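Peer 1:
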Amino acid sequence: MDLLNNCLFCESSRVEDDTRLPIFYNGTLFTWKKCKKCSLVFIGPPLSNDDTQKLYAPSAYHDEYYFKYTEGYTAQLKAIKPYKQKTVLDFGCGDAGLLNFLQTNNYTVTGVEYDNGLVEKLTAKFSSINFIQEKDFWDTTYTFDIIHLGDVLEHVSHPIKLVQQLREKLNPDGIFFIEGPLECNPSLGYYFRKLTYAIKKTINKESLRVQEPYHITYSNATNQQLFFERLKLKKQVFKVVEAGWPYIDTIAEVKSPWLFLQYLIAKTSKFTSYLVPNWGNRFVYIGKL
C-alpha cells in the first residue's frame, strides 16, 4: 500500500490534499492528506526508522509526556473487569502506570515498547513486570487475554498491519481494549481549535510548521469504528468521551485571561459532550475476534 496515495484506515485511493500546514521534521517535509471516502486525515510520507527513533527517544518523548505526570486507572480497570480475563499486554506501555496498577489488582501483565533504553528503565523500576522491546516481541510465543493499546494507533504509519499482527497474540476469547484521541470529531473544543488555528494561520502567514509529527492520523468516531470493522473485530463497546484536551482542565492552572478562556472551553466542551451523542475528543473501544 502506498501511504502517500491510500488511506491508512480504509485503504481507499480517493485521497486529496488537506488544508493543514505541512510539517518539516528531521529533513523531511510531511504533508497532510484527507480520505474522500472515510474522511480520515493523515500525513505522508511514512516516518523512517530514524524519524521514529528521534521522536520517541525517552528523553524527547516519554520523559516529557509520561514520567512527569500521574493519572488514575480506575476507569480502565472498570472497563475490563466484566471480561474476567487475567493476562494483559500493554503495547506501547509508556511509563507502565497502567501495568503497575493492574498488577496490584491481580492481573498478569506484560509491556512492550520500541526503545530499548526505555525497556531497561522500566525493568529497573518495575522488576516484577515483564517488559519486551518491540523488535523482539514478535518472535515470542506469548499470547494474552487482553491487549491494550492506549494512545498508540495515532502514532503509527501502519495501523492496519499493527492490529493484524496483534490479532495473532490474542487468545481466542480475548479482547482488544483500545483508547485514543478523536482529533477530527465534533465537540465545542474541536470547533474552537479550528477557529483559532485558522486565525493563527492567517495572521502568521505560515507556509509550513517545524515541529514533531507525533500524530500520524486524525480520526473521528465514524471512521474509527469503520477501521475496527474492516479488521473483522466484533464490537463489544465503543464510547466517545470529552477530555477537554488540549485546553487546561483545572482552575489552578489559570494564570492569564487566555488560559481562563481555555479553561471555560474545556469545561463547557465536557458538558456539551454529555448532551450531544458522539460529541467528544476520545474513544474507548473493546472488541473481540
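To convert, take the position in the sequence shown, counting from 1, and add 895; that gives our numbering.
Glycine included, C-beta positions come from ideal geometry on N, C-alpha and C.
As the structure is a computational prediction, the values presented were derived from the model and not from experiment.
(1) Report yes if the CB atom of G1006 is closer than 8 Å to the CB atom of L994, and no otherwise.
(2) Are the CB atoms of P941 and S1052 within a distance shorter than 8 Å?
(3) On the three-state DSSP scale, how would you describe L1184?
(4) In angstroms with no decimal places, state the Cα-to-Cα distance between G922 and L950.
(5) If distances are taken between C-alpha atoms only, which option among V1149, P1141 and F1155 comes closest to G1175?
(6) Grouping DSSP H, G and I as helix and E and B as strand, with all else coil, what is N1118?
(7) What is the residue span of the alpha helix (DSSP H) that G1045 lies within?
(8) Given that a residue counts as buried once 16 or more other Cβ atoms are within 10 Å of its Cβ, and exposed if not, what is G1139?
(9) Please determine if the region 1070-1086 and the region 1108-1126 are in contact, where contact requires at least 3 C-beta pairs separated by less than 8 Å.
(10) Go through its chain and collect everything with a Cβ distance to I1181's Cβ below 6 Å, but skip five positions before and after it.
(11) Across which residues does DSSP place L1065 in a beta bridge pair?
(12) What distance in whole Å lies between the Cβ atoms of I1027 and T982, which are believed to be in contact at a cut-off of 8 Å?
(13) Is the beta carbon of K1136 less than 8 Å from the beta carbon of R1177?
(14) Under DSSP, the beta strand (DSSP E) around T923 begins and ends at which residues?
(15) Between Y968 and G987, is the Cβ-Cβ spacing less than 8 Å?
(16) Below 8 Å, can you find three or more Cβ-Cβ pairs linking the region 928-940 to the region 1113-1128?
(17) Is it buried or exposed for N1080, if we count other Cβ within 10 angstroms and need 16 for buried?
(18) Would you report the Cα separation of V1004 and T1035, rounded to the nearest angstrom?
(19) Alpha carbon to alpha carbon, what distance is there between D1010 and T1097?
(20) At what residues does the beta strand (DSSP E) containing D985 begin and finish?
(21) Under 8 Å Cβ to Cβ from P1143, same chain only, skipping five residues before and after it: list those, please.
(22) For a test of the three-state rule: what should DSSP assign to D912, helix, strand or coil?
(23) Less than 8 Å separating the beta-carbons of L1065 and T1038?
(24) Can you give me the Cβ contacts of R909 inside the same chain, cut-off strictly under 6 Å, excluding the 5 residues immediately before and after it?
(25) Under the three-state reduction of DSSP, which class applies to Q1073: helix, strand or coil?
Peer 2: Taking the geometry as given:
(1) Cβ atoms of G1006 and L994: closer than 8 Å.
(2) P941 is positioned such that its CB atom lies closer than 8 Å to that of S1052.
(3) It is coil, neither helix nor strand.
(4) Each residue's alpha carbon lies about 13 Å from the other.
(5) Looking only at V1149, P1141 and F1155, the smallest Cα-Cα distance to G1175 is reached by P1141.
(6) Per DSSP, reduced to three states, the secondary structure at N1118 is helical.
(7) Here G1045 belongs to no alpha helix (DSSP H); instead the beta strand (DSSP E) covers F1039 to G1045.
(8) Answer is buried; the Cβ neighbour count reaches 16.
(9) Output reads yes: the region 1108-1126 touches the region 1070-1086.
(10) These residues qualify, in order along the chain: I1070, F1072, Q1131 and V1132.
(11) Answer is F1039.
(12) Not quite, the Cβ-Cβ distance comes to about 14 Å (not below 8 Å), so this is no contact.
(13) According to the sequence as given, residue 1136 is Val; it is not Lys. Yes. Within cutoff.
(14) Run containing T923: T923 to C930, per the beta strand (DSSP E) assignment.
(15) Cβ distance not < 8 Å, so Y968 and G987 don't count as in contact.
(16) Under the three-pair Cβ rule at 8 Å, the region 928-940 counts as touching the region 1113-1128.
(17) So N1080 counts as buried.
(18) Straight through space, the alpha carbons of T1035 and V1004 are spaced by roughly 15 Å.
(19) Near 39 Å, if we compare the C-alpha coordinates of D1010 and T1097.
(20) D985 -> beta strand (DSSP E) spans T982 to F986.
(21) Reading the sequence as shown, one finds Ile at residue 1143 and not Pro. Cβ-Cβ distances below 8 Å link I1143 to V1149, L1154, Q1157, Y1158 and A1161 in the same chain, with the five nearest sequence neighbours on each side left out; the list follows chain order.
(22) The answer is strand: DSSP assigns D912 an E or B state.
(23) Note that the C-beta distance between L1065 and T1038 is below 8 Å.
(24) Cβ neighbours of R909 beyond the five flanking positions: K931 and K932.
(25) One detail in the question is off: residue 1073 reads as Ile in this sequence, not Gln. If DSSP states are grouped into helix, strand and coil, I1073 belongs with the strands.
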